[in-house]
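Below is one structure; the comments refer to it alone.
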């Protein structure tokens, strides 16, 4: 670890005890239980998703275990009209914002309809690294121009901070002082390249200084701390301070949050992390597992007991099983679907090609054609 | 047709760009322009001159110097519901934005199954012949045409520029609008003050003829017409088709013309290999082979990196080279 843990904003220590001087965020009991339930759900979902891939029932999938607190704590801090602009690993954040688990499964099962979140303020996942940072900045500029009070929460990883689009996105955000929160899931590894090899900066959060706004370093495996720093950043995005002039370094709305965390599993199901990191490191980070931490806190407060924990365990299994059934039960997309939505209307040439595929299917049948 | 007198202005092509932007911005508050030097400076070619005074800094935005930033934020704006018209100062500097264009702008509609769209027009001066420094003269239209989900437009007259730009801005999908800077100020034309559109995907027959069909676009249209006049003196009657939109391409007009003449020449500044002349030729082979009387000629840039300007006149097709190809086709 390149920085001292003492520098991280933290509410719960590794045992779930409130650290000295920390303030527990103002969340009612139901919200705290929901935070816990969502993390348990995400963990179980993740295991099932990896298993589906191993069984050949799903394509390549990027697991999130270990990163539940960062995703759920941050997404819960948004107001109803706010947006998330995810990368490709934020299944849990998307769930908090209303995206069904079955939808997420559909996408990773190769069905593009799983990327359509009608009516939700959720951007489609972005697979190229850091490209979505600019979309968040641009959409935040647009919302601001329209006079809407909406904040854009943009997720990316530690590797993304090396990309030009990260720099350009944050630079534009500072210059135009946009209502955006840039949330870096620093999970220590960009596939096999460690955080230390991405940058000589002591922290990723400090990069915000270069763009003229605030950077925050938080324990990304402490859901309460993540919730609080994101809540503060969202509030700041909505309440621009009068800076008085246009001098550089005066952007008051955007924030860069570096949530320090760890990916317990592989980068994707196509990756074998044992090649580049040892078990000892993984175990060290597992001591910070966000789920037992929050559970210990909630038990200590008398909000959870054995019975409630067990009931949640049963309910989440059912919910994930239902999602798998729904995703696998969805009819596969029709071959003609790929020709739709290229443009608002099909061009003549695309129409001809669609008709050509139809003729081939008719003549040879799918079995022979796809052999 | 209205009998009412329409007032016109006598404009150059670059003035028609400005006029097109202005009239679309007046029509629709969602239209905004952004880019390097587009505000106070009015654009390095003056394509956005005076717009900031008229529409203010919220709709005419001077951005940091970052092409991916300009296009990427425009995609975010478009996804949110605006109609951004980003300017890339020279098409040779679009490559930093290439990832945003192909990975996101071109795919946003399809990958969200229509939930998000990208009504954005990326404008860029393009093409050679102005004695500019390195990286200021290339013609890369084929790269964008190859990318599903994009439309590609290259105007060749002031009148068309305004109408095609308006159609591009009103189009629900991303358009790459390449402006032939060689003819930015080459000539003037009457352009109506009122907004109007020219449909994308429709070529214009600039000269009718039966003997040979010459397909071209952008700055090559004028030398092609000159060559056509020159060979006409020897009784060769060329049809000159200005493609105007390169994607989607007006295949119907290409085939109609070719079926009449049975001979074709394709003229473009871009290098030969992988250039759109190959696409046009293949389309003719697929759809009209039995009308063909002679091999199809391609008059193009060479397969070399665009040379510095001491040699650019040798690189660029001009009327003599075009004439040579026309005669060869007719004599074959």
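Residue numbers (our numbering), protein chains in the order written: chain S, 9 to 379; chain B, 3 to 334. We put the beta carbon where it would ideally sit given N, CA and C, even for glycine.
Exposed or buried, what is residue i when buried is set at 16 or more other beta-carbons lying within 10 Å of its beta-carbon?
{"i": "residue 364(S)", "result": "exposed"}
{"i": "residue 107(B)", "result": "buried"}
{"i": "residue 3(B)", "result": "Annotation note: pLDDT 43 at residue 3(B) (below 50); position unreliable, coordinate value reported separately. So residue 3(B) counts as exposed."}
{"i": "residue 205(S)", "result": "exposed"}
{"i": "residue 193(S)", "result": "buried"}
{"i": "residue 377(S)", "result": "exposed"}
{"i": "residue 9(S)", "result": "With a pLDDT of 46 at residue 9(S), under the threshold of 50, the modelled position of this residue cannot be trusted, and the question is left open."}
{"i": "residue 243(S)", "result": "exposed"}
{"i": "residue 367(S)", "result": "exposed"}
{"i": "residue 112(B)", "result": "buried"}
{"i": "residue 69(S)", "result": "buried"}
On the DSSP letters alone, give me the boundaries of the beta strand (DSSP E) that residue i sits inside.
{"i": "residue 225(B)", "result": "Per DSSP, residue 225(B) belongs to no beta strand (DSSP E); it is in the alpha helix (DSSP H), 223-234."}
{"i": "residue 223(S)", "result": "222-227"}
{"i": "residue 299(B)", "result": "299-303"}
{"i": "residue 37(B)", "result": "33-37"}
{"i": "residue 263(S)", "result": "263-268"}
{"i": "residue 15(S)", "result": "Run containing residue 15(S): none; DSSP gives neither H nor E here."}
{"i": "residue 55(B)", "result": "First-last for residue 55(B): 53-57, but that is the alpha helix (DSSP H), not the beta strand (DSSP E)."}
{"i": "residue 310(B)", "result": "Counting along the chain, residue 310(B) falls outside any beta strand (DSSP E), and DSSP gives it neither H nor E."}
{"i": "residue 193(S)", "result": "188-194"}
Counting only Cβ pairs nearer than 8 Å, list the residues of chain B close to residue i.
{"i": "residue 351(S)", "result": "111, 151, 153, 174, 175"}
{"i": "residue 357(S)", "result": "250, 251, 253"}
Provide the residue span of the alpha helix (DSSP H) that contains residue i, from first to last.
{"i": "residue 218(B)", "result": "That residue, residue 218(B), is in no alpha helix (DSSP H); its beta strand (DSSP E) goes 214-218."}
{"i": "residue 182(B)", "result": "Taken as a continuous stretch (DSSP letters only), residue 182(B) belongs to no alpha helix (DSSP H), being part of the beta strand (DSSP E) at 177-182."}
{"i": "residue 293(S)", "result": "287-294"}
{"i": "residue 84(B)", "result": "Here residue 84(B) belongs to no alpha helix (DSSP H), and DSSP marks it neither H nor E."}
{"i": "residue 323(B)", "result": "321-333"}
{"i": "residue 116(S)", "result": "109-116"}
{"i": "residue 170(B)", "result": "160-172"}
{"i": "residue 52(S)", "result": "37-62"}
{"i": "residue 146(S)", "result": "139-153"}
Spell out whether any CB of chain B is found under 8 Å from the CB atom of residue i.
{"i": "residue 117(S)", "result": "no"}
{"i": "residue 326(S)", "result": "no"}
{"i": "residue 180(S)", "result": "yes"}
{"i": "residue 34(S)", "result": "no"}
{"i": "residue 26(S)", "result": "no"}
{"i": "residue 194(S)", "result": "no"}
{"i": "residue 102(S)", "result": "no"}
{"i": "residue 173(S)", "result": "yes"}
{"i": "residue 367(S)", "result": "no"}
{"i": "residue 125(S)", "result": "yes"}
{"i": "residue 291(S)", "result": "no"}
{"i": "residue 136(S)", "result": "yes"}
{"i": "residue 121(S)", "result": "yes"}
{"i": "residue 13(S)", "result": "no"}
{"i": "residue 77(S)", "result": "no"}
If the cut is a Cβ gap below 8 Å, which residues of chain S does residue i touch?
{"i": "residue 118(B)", "result": "131, 132"}
{"i": "residue 77(B)", "result": "142, 143, 146"}
{"i": "residue 102(B)", "result": "139, 142, 173"}
Any beta carbon of chain S sitting closer than 8 Å to that of residue i?
{"i": "residue 1(B)", "result": "Residue numbering for chain B in the displayed model covers 3 to 334; residue 1(B) lies beyond these limits and cannot be assessed."}
{"i": "residue 50(B)", "result": "no"}
{"i": "residue 14(B)", "result": "no"}
{"i": "residue 71(B)", "result": "yes"}
{"i": "residue 60(B)", "result": "yes"}
{"i": "residue 115(B)", "result": "yes"}
{"i": "residue 91(B)", "result": "no"}
{"i": "residue 206(B)", "result": "no"}
{"i": "residue 68(B)", "result": "yes"}
Residue i touches chain B at which residues, Cβ-Cβ below 7 Å?
{"i": "residue 112(S)", "result": "Correct list: empty, because the minimum Cβ distance to chain B is about 14 Å."}
In chain S, which residues lie with their C-beta within 9 Å of the C-beta of residue i?
{"i": "residue 65(B)", "result": "180, 183, 184"}
{"i": "residue 74(B)", "result": "139, 140, 141, 142, 143, 145, 146, 173, 176, 177, 180"}
{"i": "residue 106(B)", "result": "134, 136, 139, 140, 142, 143"}
List the residues of chain S whose Cβ lies closer than 7 Å to the Cβ of residue i, in chain order.
{"i": "residue 82(B)", "result": "147, 150, 151"}
{"i": "residue 126(B)", "result": "Chain S residues near residue 126(B): none, gap ~18 Å exceeds 7 Å."}
Contact between the segment 53-61 of chain S and the segment 23-36 of chain S (3+ Cβ pairs under 8 Å): These segments do not touch.
Is it a yes or a no for the segment 132-150 of chain S touching the segment 168-184 of chain S, going by three-plus beta-carbon pairs under 8 Å? Segment contact: the segment 132-150 of chain S against the segment 168-184 of chain S, three or more CB-CB distances shorter than 8 Å; contact assigned.
Pair every Cβ in the segment 45-62 of chain B with every Cβ in the segment 135-142 of chain B, then say whether three or more of these pairs are closer than 8 Å. The way I'd put it, the segment 45-62 of chain B doesn't touch the segment 135-142 of chain B; fewer than three beta-carbon pairs between them come closer than 8 Å.
State whether the segment 125-134 of chain B contacts the segment 144-154 of chain B, with contact taken as three or more CB pairs (one from each stretch) at a distance under 8 Å. Flag = no, the segment 125-134 of chain B and the segment 144-154 of chain B do not touch.
Could you tell me whether the segment 261-272 of chain S touches the segment 184-199 of chain S, where touching means 3 or more Cβ pairs closer than 8 Å? Three or more Cβ pairs closer than 8 Å define a contact, and the segment 261-272 of chain S meets that threshold against the segment 184-199 of chain S.
Three CB pairs or more closer than 8 Å across the segment 304-318 of chain B and the segment 243-251 of chain B: Counting Cβ pairs under 8 Å, fewer than three are found: no touch.
Hey, is the segment 150-164 of chain S in contact with the segment 43-51 of chain B, meaning 3+ C-beta pairs nearer than 8 Å? Contact fails: fewer than three Cβ-Cβ distances are below 8 Å.
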